[in-house]
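K.L.:
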Amino acid sequence: MTPCDYGAIREAAGHLAQLGLSLQTVIPVELPTELYPKSRKNQATGEWEPVLKNGALQPAITGKNPSFWRADGKPQLISHARLVQPKVLLERIAIAERLGKELGLAIIPSKDVVSIDFDTKNYDSVQHLEADWMALLDRFPVLTGTRMERTPSGGLHIYVRVTDRMASWQRPGGGLYCQFTTKQGDDDPHRGEVLAGTRVSVCAPTRNGKGPYELINPEAAYCFVEVPDLASIGIYPKVKAAPEPAAPQQSLPSPPASARQAATGESTIPQLADLIGSKAQEVLRGGRPYGGDGSAAADRSLQLTGFVKELWSWHNLLLEQGWRFEGDPDQLLAQAIAALDIGDKAERVLASIIRADCRHRDPNRAQRHYAWLAGNRSHHWGGRGDGYSTNSSARDGDVSDPKKPPPLSREECRDRLRDAVAAHRSPTELELLLGKLVDESQLHPQELRQLLAAVRLEDEQRDVLRQEASALEENLARQQARAPITLDRLFPPPLAEAIRRITEHLPYCDHVVATAYLAGVSGLVKLGTSICGNPYTDFVTPANLYVATVGRSGQKKTPLEKLLVRRPAQELKQEMAAANTRAMESWREQCKSCKNKDERPPKPVAIYLQIQDYTGEAFVQQLQELDKRGLSVLVLRDELSGLFGAMNAYRSGRGSDEQQLLELFDGQAYTSLRVSAGDRSYERCQVSIYGAIQPGVLRELIKGGDPSGKWARFLFSPLPENTVPLPTAVSAEGVAAVNRANEDLQAYARRIYTMPPQRYQLDLDAIVAFSAYEHDKQIQAQQARLDAQGALYGKSAGKVLRVAVLLHLLELAVLNEPGAVEVPVATLQRAIELVDAMDDWALGFHEQAAAVEEEGGVSSLMRRIHTLARNAKGAASWTQLRQQMSGREKRGINAALADQAMRALDQLGVGKVCKGPRGGLLYRATADLPM
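Here the sequence shown stands for residues 1 to 931, where the numbers follow my numbering.
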């Protein structure tokens, strides 16, 4: 197969995304079935099992289903309904290019832009297809100006923008017709499919095993002609006749009608179509009631599965009890298949359902329902729907009207309310439903309102859980598509080896180590060192960083600071302390010769490379002196929350310390006039911040948003929740190696410290890459759901430049020779990867913090369950995991919600669920979640 043209795919993705189209990647070849078989989860055992057709395995990757290559070289399927950001799309293309793997592009049509797919299998020959679509162009020449593609098999894609949003193709009860014909009439042949909604249209310039998808009219590659509806260009829905039902599985033997028993008092033989539930009846009317959202309504297989299980459960019950009925289940099945337009998939769906296992969930209610339809009015039904009585007098003297049907049980009311909430019924519709249930259930209106409130809460919690699952899935996809952050990729080999030697016996991952070390280095760079991202706009940033390591108490945050921030600068700090002492001693000697205080020279200001605590006035004085000497400073805090919490502490919160610290990020000049202290000013500064913060504390600090952009300035580096044992075998060689590594870091720190200030700039390729990156962040900032996320996107480009210049300086320090002023594009790309990885975590944390404000512990339930299970020795039950949670984390969480979270984690592929000895779910974490 000819290798992919990754550049062409990247270019097409960019143009199509700018037009507002939803895109996906596809692995455009069928992968070997024996290596990548299709599998389905067995709901009874919880295990994944291969899917067989006629006894043979089926391929998971068919060449047309949305998929991509992970960074570890493994293929990954993804739902076509999942929206993909352009950035993630480009990351997948980059991974495939690095691996040398085939990758293609697919458009996910909407109701606005649709793909008309002419299929060769619906024509006698390719020539007949050619004649048909050429005739279409002759009749409607406007189509020559829209995007058209030739498929590898000789088929055709025509893309158009439809003004009526496919309203004319709406099926009764929901959904869209799919098959089309080019002539009106009942006997006109099926010519292909109109791909709309959430279907997949593989597009040019994808190349599969048969050849390429090619543009027929390249000049209109990114043009979509607007038409009123598809009929205006000669495309009509092909409405299929009801197909013959697939051969049913063998059910329980059906006794002859004469042998069937009649229920006492019945006078009418019920129809099977009346016995089946309201959802199954709605399917026969063209509706799609199963599932809780719009995506479920579009899933024809799910709708047919729900109908078949309901139909067969009733049929089995009727046969087992010997109750008489009229109607053929196979005929009802055929009607449902036709109503759902799923004749092409019906056989597969039916093969997945074991007919004999279909059982009615409430046989007692079924019996009452059957008796009512059979005309039995002799029963008196109990109150509150809890049962029924054949006694002529009802309980508590309340005689039910035998002319009314049996009252609904509490569970049936709950189910109806669940259906209404899941269908997003309006408040008026819900009020009408409550009134109806009051009449049909004998429940008090207040009880029904309480039940509705509980159902709404459950629905909201499930939505939050789905949002968390969606966010985790996106994070996993980004992490798998993104090159891993490693010391070897960020730093020159000698530096990477020294850092690894010092931290190898501590529970840190490479991004944590790298960001902490970069923060320490930023405090040593000479004042005036900067980098220009674009000379036309004067996009210049200083070489400082704000870094926060995020971890729970006990995760060894202090050793990280000691080894990578304090110790490399230890000799320089000692030398500076000695210089401060000498200056003070010299001043004292000068003062001895002065007769009065007015004659004394100004008292020297002690300067520091790293400080832990200060007042605003003292800090301004320090920066004033550092400005004179051309030095930077690093603010170190064991707990960052104290840094901002202590602001203005000496002025009862009336000062401007916090605002001052925000302005320090960009090195702005500062002037302050005080009657007592006089002039306090500096023209330039270079302040870096490093500290640690606990997730719970950070969540409290940002839960109200980030209006000032205070936290957007930080690189947040999350600590992994893992453990590493201390070494037990200590050797002289190992100790010597650690000492040499510490000496190397101190040597590099000194070289950084002695480098003269310089304005660095990007090379030409880096300028192009940075321009594209910065513009992408502008767009993401405007589209951000939360203001705090928008602020984070707005600061990303500036943080990238800071990291890039620090990486460049470290390369020069390791080489120990004068270096180029230009920062190469490869260094910029490494900076982008690091900043994006950290910002991705921060974006998700902002989302969680906003959700926690409303939903308590539900918003982070999946992550918390996984973390606790990761620390367990084996599979753990919800009860065991719950005991380790705080009261806030457990608030509003029940076993059913926890089960849903566990199953969602299983589906993400990061854990496994299984049945416990008492029938409950157990969960075992098998992989790490994304940061």
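Idealized CB from N, CA, C, for every residue including glycine.
Does the distance from the C-beta atom of D328 to that of L272 stay below 9 Å?
P.N.:
Going by C-beta atoms, D328 is nearer than 9 Å to L272.
K.L.:
Residue range of the alpha helix (DSSP H) that M584 falls in?
P.N.:
Residues 570 to 592.
K.L.:
Taking DSSP as the reference, what is the three-state secondary structure of A13?
P.N.:
Three-state result, A13: helix.
K.L.:
Let me know the beta strand (DSSP E) ranges lying completely inside the segment 524 to 562, each 3 residues or longer, listed in chain order.
P.N.:
DSSP runs (the beta strand (DSSP E)) wholly in the segment 524 to 562: 530 to 534, 539 to 542, 546 to 550.
K.L.:
For W311, which residues from the same chain have a beta carbon less than 7 Å from its beta carbon, with the 5 sequence-adjacent residues on both sides left out?
P.N.:
The displayed chain sequence assigns Leu, not Trp, to residue 311. Once the five neighbours on either side are set aside, the close Cβ partners of L311 are I276, A280, P329, L332, L333.
K.L.:
Which residue wins for smallest C-alpha separation from Y123, given the options G154, A96, L726?
P.N.:
That would be G154, whose Cα lies nearest to the Cα of Y123.
K.L.:
To the nearest angstrom, how far is the alpha carbon of H157 from that of A339?
P.N.:
The straight-line gap from Cα to Cα measures roughly 27 Å.
K.L.:
If you run the structure through DSSP and keep just helix, strand and coil, what is V605?
P.N.:
V605: coil per DSSP, three-state reduction.
K.L.:
Going by DSSP in three states, R361 sits in which element: helix, strand or coil?
P.N.:
R361 falls in the coil class under three-state DSSP.
K.L.:
Assuming contact is defined by CB atoms lying nearer than 9 Å, are A543 and V525 in contact in what I supplied?
P.N.:
Yes, they are a contact pair.
K.L.:
Given that a residue counts as buried once 16 or more other Cβ atoms are within 10 Å of its Cβ, and exposed if not, what is G7?
P.N.:
That one is exposed.
K.L.:
Tell me the residue span of the beta strand (DSSP E) that contains P493.
P.N.:
Per DSSP, P493 belongs to no beta strand (DSSP E); it is in the alpha helix (DSSP H), 493 to 503.
K.L.:
With a threshold of 8 Å, are at least 3 pairs of Cβ atoms found where one atom belongs to the segment 789 to 804 and the other to the segment 703 to 723?
P.N.:
These segments touch.
K.L.:
Determine, using beta carbons only, whether V26 and A106 come nearer to each other than 9 Å.
P.N.:
In contact: V26 and A106 (Cβ atoms closer than 9 Å).
K.L.:
What number of angstroms, rounded off, separates the C-alpha of F539 from the C-alpha of D5?
P.N.:
Roughly 34 Å separates the two Cα atoms.
K.L.:
Can you confirm whether the segment 108 to 121 touches the segment 210 to 222 when touching is taken to mean that 3 or more C-beta pairs between the two stretches lie within less than 8 Å?
P.N.:
No, the segment 210 to 222 is not in contact with the segment 108 to 121.
K.L.:
For T486, which three-state DSSP category applies?
P.N.:
DSSP places T486 in coil when its eight states are reduced to three.
K.L.:
Within the continuous beta strand (DSSP E) that includes E193, where are the two ends?
P.N.:
192 to 195 is the extent of the beta strand (DSSP E) around E193.
K.L.:
The ligand COA and T144: does the residue's C-beta get closer than 8 Å to at least one heavy atom of that ligand?
P.N.:
Looking for the ligand COA in the displayed structure turns up nothing, as the structure carries no ligands at all.
K.L.:
Return the residue from the list S877, G909, E889 that minimises the CA-CA distance to D899.
P.N.:
Checked all of S877, G909, E889; the closest Cα to D899 is S877.
K.L.:
For L490, does the count of other Cβ atoms within 10 angstroms reach 16, so buried, or fall short, so exposed?
P.N.:
Looking at its Cβ environment, which holds 16 or more other Cβ atoms inside 10 Å, L490 is buried.
K.L.:
List the whole-angstrom C-beta distance separating K238 from S301, where the pair is believed to meet the contact cut-off of C-beta under 8 Å.
P.N.:
Contact flag wrong, Cβ pair sits at about 20 Å.
K.L.:
Which residues share a DSSP beta bridge with C509?
P.N.:
DSSP, once it has assigned bridges, lists no residue as partnering C509.
K.L.:
In terms of residue numbering, what span does the beta strand (DSSP E) encompassing K912 cover?
P.N.:
Its beta strand (DSSP E) spans residues 911 to 915.
K.L.:
Going by beta-carbon coordinates alone, are V308 and C358 separated by less than 9 Å?
P.N.:
Closer than 9 Å, so yes.
K.L.:
Leaving aside the five residues before and after G14 along the sequence, list all residues of the same chain whose C-beta is less than 6 Å from its C-beta, in chain order.
P.N.:
Cβ within range, chain order: n/a, list empty.
K.L.:
Quick check on this structure: which residue in R918, A901, A737, G916 has the alpha carbon closest to the alpha carbon of V910?
P.N.:
Ranking the options by Cα distance to V910, first place goes to A901.
K.L.:
Can we say the segment 805 to 821 touches the segment 867 to 885, given the rule of at least three CB pairs closer than 8 Å?
P.N.:
No, the segment 805 to 821 is not in contact with the segment 867 to 885.
K.L.:
Between the C-alpha atoms of A514 and G520, what's the straight-line distance to the nearest angstrom?
P.N.:
Distance between the alpha carbons of A514 and G520: 10 Å.
K.L.:
Select from V227, L472, G920, Q883 the residue whose C-alpha is nearest the C-alpha of A896.
P.N.:
Checking every option, the nearest Cα to that of A896 belongs to G920.
K.L.:
Compare the Cα-Cα distances from P695 to each of P718, Q758, C685 and report the closest residue.
P.N.:
Of the listed residues, the one whose Cα sits closest to P695 is P718.
K.L.:
On the criterion of 16 or more Cβ atoms from any shown chain inside 10 Å, does P363 qualify as buried, or is it exposed?
P.N.:
When all chains shown are included, P363 counts as exposed.
K.L.:
For F716, does the three-state DSSP call read helix, strand or coil?
P.N.:
It is a strand residue.
K.L.:
Throw me the rounded Cβ distance for the R684 and Q624 pair, which I believe falls under 8 Å.
P.N.:
That pair is no contact at about 11 Å.
K.L.:
By the DSSP assignment, the beta strand (DSSP E) with C203 in it spans what residues?
P.N.:
Element bounds for C203: 201 to 203.
K.L.:
Identify the residues that DSSP records as bridge partners of N208: which are they?
P.N.:
Paired residues: G211.
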